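Visitor: If you want my numbering, it's the 1-based position in the sequence shown plus 27. Glycine included, C-beta positions come from ideal geometry on N, C-alpha and C. Keep in mind that this is a model prediction, so the values were computed, not measured.
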Amino acid sequence: MIKGTDHILPGLHKLVQVLDTAVASRSPAHAYAGVCAALPLLVGDAQVQLPAFAWRPHPEHYARHELYCSREHGYCVVAMVWAPGQATPLHDHDGSWCVEAVWSGQLEVTHWHLLQADDDSGWRFAQGARQHQRAGDCSGLLASAPYHSVRNPDPQAVAVSIHVYQHRLGQCMVFDPDRNGRHWPRLLPLANDA
Numbered sequence: 028m029i030k031g032t033d034h035i036l037p038g039l040h041k042l043v044q045v046l047d048t049a050v051a052s053r054s055p056a057h058a059y060a061g062v063c064a065a066l067p068l069l070v071g072d073a074q075v076q077l078p079a080f081a082w083r084p085h086p087e088h089y090a091r092h093e094l095y096c097s098r099e100h101g102y103c104v105v106a107m108v109w110a111p112g113q114a115t116p117l118h119d120h121d122g123s124w125c126v127e128a129v130w131s132g133q134l135e136v137t138h139w140h141l142l143q144a145d146d147d148s149g150w151r152f153a154q155g156a157r158q159h160q161r162a163g164d165c166s167g168l169l170a171s172a173p174y175h176s177v178r179n180p181d182p183q184a185v186a187v188s189i190h191v192y193q194h195r196l197g198q199c200m201v202f203d204p205d206r207n208g209r210h211w212p213r214l215l216p217l218a219n220d221a
């Protein structure tokens, strides 16, 4: 686990170079587009090697392994490891854009549209596009459309994805569904898995 320095793990130098170029001196929308274009090209590149810990799943939930945080540009790179069937709840990214690429295996990403935000009577969402992604596929969220859920649909294989966030995320809002189609927000602190 890296505590937000410019320390680059072995095997990640090219990843950092490409991301630095993608986000340098750009608006958030342009940085997002640059990372969306660059990240899929790095999947399978022999010059980019994820550390061994970034392949380890957690038995109870998807694992988060922070790989790098840029002091200069502010972005943060996190590897997530998904055992078969593991998933996130519907969630946001605390105001940050995010680009994610499947590194290995497959993921199902569902986008959600906010219909109503009311802490007293519940939040309401409409399900949007559902994407089935394999290694090299990329998706993301902008602050203007910030809600999605992610799961590993494979009953046997682990999946690994790389997530690039506009800034380090210490928390996000998750939305727990009830039987009446409403969702109830709760703040979820985010931690790295050892």
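Alpha carbons only, please: which of 165, 201, 162 is nearest the one belonging to residue 173?
Guide: Here residue 173 refers to the residue found at position 146 of the sequence shown. Nearest of 165, 201, 162 to residue 173, Cα basis: 201.
Visitor: With a threshold of 16 other CB atoms inside 10 Å of the CB of residue 142, please say whether the residue is buried or exposed.
Guide: As a first step, residue 142 is located in the sequence shown; it is residue number 115 there, counting from the start. Residue 142 should be labelled exposed.
Visitor: What separation, rounded to the nearest whole angstrom, lies between the Cα atoms of residue 179 and residue 136?
Guide: Against the sequence shown, residue 179 aligns to sequence position 152. Against the sequence shown, residue 136 aligns to sequence position 109. When rounded, the distance between both Cα atoms is 9 Å.
Visitor: Can you tell me whether residue 30 is helix, strand or coil according to DSSP?
Guide: Counting from 1 along the sequence shown, the entry for residue 30 is found at position 3. A caution first: residue 30 carries a pLDDT of 42, below 50, which makes its placement in the model too unreliable to give a value.
Visitor: Helix, strand or coil: which one does DSSP assign to residue 203?
Guide: One-based indexing of the sequence shown puts residue 203 at position 176. Strand.
Visitor: Which term fits residue 2, buried or exposed, when burial requires 16 or more other beta carbons within 10 angstroms of its beta carbon?
Guide: Examination of residue 2 is not possible in this model, given that the chain is present from 28 through 221 alone.
Visitor: At which residue ranges does the stretch 35-96 contain complete beta strand (DSSP E) runs of 3 or more residues, listed in the order of the chain?
Guide: You should have 90-96.
Visitor: My guess is that residue 124 and residue 66 are in contact by the Cβ rule of under 8 Å, so how many angstroms apart are they, rounded?
Guide: For the purposes of this step, residue 124 is taken as the residue at position 97 of the sequence shown. For the purposes of this step, residue 66 is taken as the residue at position 39 of the sequence shown. At roughly 13 Å, the Cβ-Cβ gap does not stay under 8 Å, so residue 124 and residue 66 are not in contact.
Visitor: Going by beta-carbon coordinates alone, are residue 140 and residue 175 separated by less than 8 Å?
Guide: Residue mapping note: residue 140 aligns to position 113 of the sequence shown, counting from 1. Residue mapping note: residue 175 aligns to position 148 of the sequence shown, counting from 1. It is not a contact, given that the beta carbons lie outside the stated cut-off.
Visitor: Determine, using beta carbons only, whether residue 75 and residue 36 come nearer to each other than 8 Å.
Guide: As a first step, residue 75 is located in the sequence shown; it is residue number 48 there, counting from the start. As a first step, residue 36 is located in the sequence shown; it is residue number 9 there, counting from the start. Against a cut-off of 8 Å, the Cβ pair of residue 36 and residue 75 comes out as no contact.
Visitor: Taking the alpha-carbon of residue 152 as reference, which of 109, 97, 211 has the nearest alpha-carbon?
Guide: Your numbering for residue 152 matches position 125 in the sequence shown. Answer by Cα proximity: 211.
Visitor: Suppose contacts are defined by Cβ-Cβ distances below 8 Å. Is residue 63 in contact with residue 195 by that definition?
Guide: Working through the sequence shown from its first residue, we reach residue 63 at position 36. Working through the sequence shown from its first residue, we reach residue 195 at position 168. Taking 8 Å as the Cβ cut-off, residue 63 and residue 195 do not qualify as a contacting pair.
Visitor: I'd like to know if the stretch 158-168 and the stretch 104-117 are in contact, where contact means that at least 3 CB-CB pairs between them fall below 8 Å.
Guide: No, they do not touch.
Visitor: Tell me the DSSP secondary structure of residue 216 in three-state form.
Guide: The residue labelled residue 216 in the question sits at position 189 within the sequence shown. Three-state DSSP puts residue 216 in a strand.
Visitor: Is residue 128 near residue 188, with beta carbons less than 8 Å apart?
Guide: Looking up residue 128 in the sequence shown gives position 101. Looking up residue 188 in the sequence shown gives position 161. It is a contact, given that the beta carbons lie within the stated cut-off.
Visitor: Spatial neighbours of residue 105 within its chain, please: C-beta separation below 6 Å, excluding the five flanking residues on both sides.
Guide: Walking along the sequence shown from the start, residue 105 turns up at place 78. Closer than 6 Å at Cβ, skipping near neighbours: 91, 93, 190.
Visitor: For residue 58, I'd like the list of residues in its chain whose CB is within less than 6 Å of its CB, leaving aside the five on either flank, ordered along the chain.
Guide: Residue numbering aside, residue 58 sits at position 31 when the sequence shown is read from its first letter. Result list for residue 58: 50, in chain order.
Visitor: When we look at the beta-carbon of residue 84 and count the other beta-carbons within 10 Å, is it buried (16 or more) or exposed?
Guide: Residue 84 sits at position 57 when you count from the first residue of the sequence shown. The residue in question, residue 84, is buried, as its Cβ has 16 or more Cβ neighbours within 10 Å.
Visitor: Let me make sure I understand the geometry here. Which of 165, 102, 60, 108 has the alpha-carbon closest to that of residue 77?
Guide: Walking along the sequence shown from the start, residue 77 turns up at place 50. Cα-wise, what sits closest to residue 77 is 108.
Visitor: Pick out whichever of 213, 147, 98 has its Cα sitting closest to the Cα of residue 226.
Guide: This structure does not reach residue 226, given that the chain is present from 28 up to 221, and the question cannot be answered.
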